[in-house]
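Structure record follows, encoded as structure tokens.
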Amino acid sequence: MAQHTISSELVAALKRLRLGRILDTLPERLALAEAQDMPFEDMLLLLLSDEVSRRDTSAADGRARDAGLDPSMRLEQWDKSSKVSFDKRLLN
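In our numbering, the protein residues as written are 251 to 342.
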């Protein structure tokens with residue numbers, strides 16, 4: 251896969267839009283899109299989905315930290331097979 255150079259104008263625009271963290275994975279995502287001959291819309295969706303996921307994870311970690319909880323103890327990681335009881339109404 252080819253190494254992609256990101257222009258300073260694109261870097262500045264992403265940072266101004268507060269999307270600078272996309273730069274962490276942008277070169278490999280561009281290479282993947284090129285290798286798979288991905289349409290532009292699909293590539294853009296992939297990049298933005300990465301950012302949404304990163305922000306969701308970051309927000310959950312922040313809320314857990316603010317509450318004094320272990321950040322790894324989130325509902326997304328709940329083991330449904332565990333034998334515990336809880337008030338499902340309260341959870342919902």
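In this text, a Cβ means the ideal position worked out from N, Cα and C, and glycines have one as well. A quick note: this is a predicted structure, and the numbers were derived from the prediction, not measured.
First and last residue of the uninterrupted alpha helix (DSSP H) at residue i
| i | result |
| --- | --- |
| Val334 | First-last for Val334: undefined, no H or E at that position. |
| Leu319 | First-last for Leu319: undefined, no H or E at that position. |
| Glu278 | 276–285 |
| Arg268 | Unbroken run through Arg268: none, as it is neither H nor E. |
Neighbour-count burial assignment, residue i, 16 or more Cβ in a 10 Å radius
| i | result |
| --- | --- |
| Ile272 | buried |
Which listed residue (the options) has its alpha carbon closest to that of residue i
| i | options | result |
| --- | --- | --- |
| Leu269 | Leu298, Asp311, Asp292, Ile256 | Leu298 |
| Ile256 | Arg266, Lys265, Pro277 | Pro277 |
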